[in-house]
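Have a look at the structure below before the remarks.
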Amino acid sequence: MAVGKSIVGQKLAQRLKRPFVDLDHAIEEAEGMKVEEIFSRRGEAYFRAAEKRMLRKVLSQDGQVIATGGGAVMDGENLRLLKEKSFLVWLTAPSSTLLRRAGGGAGRPLLSGDDKQRRIEELLRQREKCYARAHARIDTAKLTVNEVVKKILEALRSGG
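Following the numbering used here, the residues of the sequence shown are numbered contiguously, the last one being 223.
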């Protein structure tokens, strides 16, 4: 969430000359509505099921750079598939940085409510064990997009 997955993924795909897939955008195209609309109309469980289907579809093709939503790895099967079929990178930053980047949470259904800082911290706590299973971890707080991409390429070369 607001860590730079999409922009970093796009740049990484360009550097690797590979296709880029933003999983949330692929879901939006398939469902004909924005993620926040899916959440409000159909609920988080529906969205997570759509996310799981789309992830399976995307991972059935090789050679792509994929940006998943922050909660995708909370599903055990999603995490297993990502670990087996890809090089999984955990992009991280302090909650204060994420809040600033999220711009108040507009368009982010899991950041509804008044205390967005607390909500981000709660989501990070809930997700940390799953995130920690990634092949590599990169703190994006003080790095440019190009520096993050460089670190990912270094991690890819070294195997994590």
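All C-beta atoms, glycine included, are put in the ideal place defined by N, C-alpha and C. This structure is a prediction, so every number in the text was calculated from the model and none was measured.
- Message: I want to see whether chain B comes within less than 7 Å of residue 142, judged by CB atoms only; does it?
- Response: Among the chains in the structure shown there is no chain B, since it carries only a single protein chain.
- Going by DSSP, what residues sit across from residue 130 in a beta bridge? The count along the sequence shown starts at 1 and reaches residue 130 at position 67. Residue pairing for residue 130: DSSP places it in a beta bridge opposite 85.
- Selection from 218, 197, 181, 222 that minimises the alpha carbon distance to residue 141: Indexing the sequence shown from 1 puts residue 141 at position 78. Its Cα nearest to that of residue 141, the residue 197 stands out among 218, 197, 181, 222.
- Item | DSSP three-state assignment for residue 155, whether helix, strand or coil | What you label residue 155 is simply residue 92 of the sequence shown in a count that begins at 1. If DSSP states are grouped into helix, strand and coil, residue 155 belongs with the strands.
- Task: Kindly indicate which three-state DSSP category residue 196 falls into: helix, strand or coil?
- Result: As a first step, residue 196 must be located in the sequence shown, where it is residue number 133. Correct three-state label for residue 196: coil.
- Terminal residues of the continuous alpha helix (DSSP H) containing residue 72? Translated into positions along the sequence shown, residue 72 becomes position 9. Taken as a continuous stretch (DSSP letters only), the alpha helix (DSSP H) holding residue 72 covers 68–79.
- What separation, rounded to the nearest whole angstrom, lies between the Cα atoms of residue 82 and residue 206? Start at 1 with the first residue of the sequence shown, and residue 82 comes out as number 19. Start at 1 with the first residue of the sequence shown, and residue 206 comes out as number 143. Cα to Cα, the separation comes out at about 24 Å.
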